[in-house]
Amino acid sequence: MERGEASTRLREAIQLDDTSLVQRMLKESPQSLQNPDFSDKSNTSLHLAALYGHAEIAEYLISLGHDREVDPDFQEYIWSPDCTNLGTSINTDGHSPLHLAAAYSRPDCVELLCTQFPKTVNRADKHGRTPLHLAAGAHIEPRVALQTARPSKPASNEDVSVIETLVAHGARLDAQDSKGNTCLHYATAWGNLKAVRALVEAGAVPTSTNREGWKPNAYSLTVQADVYYKALVTDWEKRREEDAQRESERSHSRSVRLVQADDGDDYSSRSRAGSARSHGTSNTDTGLGISAPTMEAF
């Protein structure tokens, strides 16, 4: 089998989610592991598995050393012909496999890639977008090269598990792309209201602005979406005020307890001093049991 034909067959096997065929082909031709497709943004085998949501194949590719994170020499690569990469594969859009798994809402692959390559969780692509930016947008099915390809079913717009997974693995909620847009700007622009709520509840600031000075709700697709967003902002501001009030009350309570404790210490000191004088001893020698001298003693 010629090299070009083998490369094509390997990509087809990944698209078809044929794990056994992928394993057999890579045992016969281990140098084809990364197998970048130069006609498709230099996507590697792992990019393809992540895009289609085939977690079992992705895990197998990783076990063979497809991508690695080695501290402190972590680096990124598009591809190198000697196959000695010690980094994470990046395509010509600046996307890691995690970017593609997040963009197409592949929960199992997102969990796997976050765990295996935590440094890609907040990696920005060439437009400054992190995986969370892409997850907050619409879930668009990838272009299928084969009529028989079997991409895994993406999470629906009602499912925010990908967003929750990314946040759990440390995704920055305040990350901005090259135009200053946050993940909330993306969620509102695509009308993903479930994502909007999930992000706000996770701690995203709904009043953040991009470089043009626009807040996320300025990109709402419908009037109803804008109303929904403003209601979320109202609730968020109310919670902030309540949290600030509770913190103020806790601080005041701690201050009161501290003052009371200080007053108690002063009272105890005064009581001991008075007791010492009444027994003819000084503060210093009372504890030693020595009688204080009197005028008659001299």
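Residue numbers for the sequence shown follow UniProt numbering, so the first one is 1 and each next one is one higher.
Glycine included, C-beta positions come from ideal geometry on N, C-alpha and C.
Between the segment 106-115 and the segment 48-60 there are three or more C-beta pairs closer than 8 Å, enough to call the two in contact. In its chain, beyond the 5 residues on either side, Ala-198, Ala-202 have a beta carbon closer than 8 Å to the beta carbon of Glu-164. A straight-line Cα-Cα distance of about 36 Å links Ala-231 and Asp-93.
The beta-carbon separation of Gln-34 and Ser-45, rounded to 6 Å, stays under the 8 Å limit for a contact. In the structure shown, Asp-125 falls within a coil segment according to DSSP collapsed to helix, strand and coil. Residue pairing from DSSP leaves Asn-210 without any beta-bridge partner. In this chain, the beta strand (DSSP E) harbouring Ser-89 covers 87-89. Between Pro-131 and Ala-171 a beta carbon distance of about 7 Å is seen, short of the 8 Å cut, so the two are scored as contacting. Ranking Ala-225, His-99, Leu-173 by CA distance to the CA of Ala-189 puts Ala-225 first.
Between Thr-88 and the set Arg-68, Glu-237, Ala-204, the nearest pair of CA atoms involves Arg-68.
Considered as a whole, the UniProt repeat "ANK" (179-211) harbours 183-189, 193-202 as its complete alpha helix (DSSP H) runs of no fewer than 4 residues, in chain order. Rounded to whole angstroms, the gap between the alpha carbons of His-95 and Arg-240 is 36 Å. Taking the Cβ atoms as the reference, Ser-208 lies roughly 7 Å from Leu-184, within the contact range of under 8 Å.
Judged by DSSP in its simplified three-state form, Asp-174 adopts coil rather than helix or strand. Distance from the CA of Gly-137 to the CA of His-252, rounded to the nearest whole angstrom, comes to 44 Å. Collapsing the DSSP output to three states places Asn-217 in a helix. Annotation: Leu-100 to Leu-64 spans about 21 Å, alpha carbon to alpha carbon.
A direct Cα-Cα distance of roughly 50 Å separates Tyr-104 from Arg-254. Classified as buried, Gln-15 has 16 or more neighbouring CB atoms from the shown chains inside 10 Å of its CB.
One alpha carbon belongs to Thr-234, the other to Ala-195, and they sit about 17 Å apart. Apart from the 5 residues on each side of it in sequence, Val-167 sits with its Cβ closer than 6 Å to the Cβ of Ala-202 in its chain, given in chain order. By the beta-carbon neighbour count (other beta carbons within 10 angstroms, threshold 16), Pro-30 is exposed. DSSP, reduced to helix, strand and coil, places Asp-17 outside both helices and strands of the structure shown, so it counts as coil.
Residue burial annotation: Pro-118 is exposed, with fewer than 16 other C-beta atoms found within 10 angstroms of its C-beta. With fewer than 16 other CB atoms across the displayed protein chains lying within 10 angstroms of its CB, Thr-222 is exposed.
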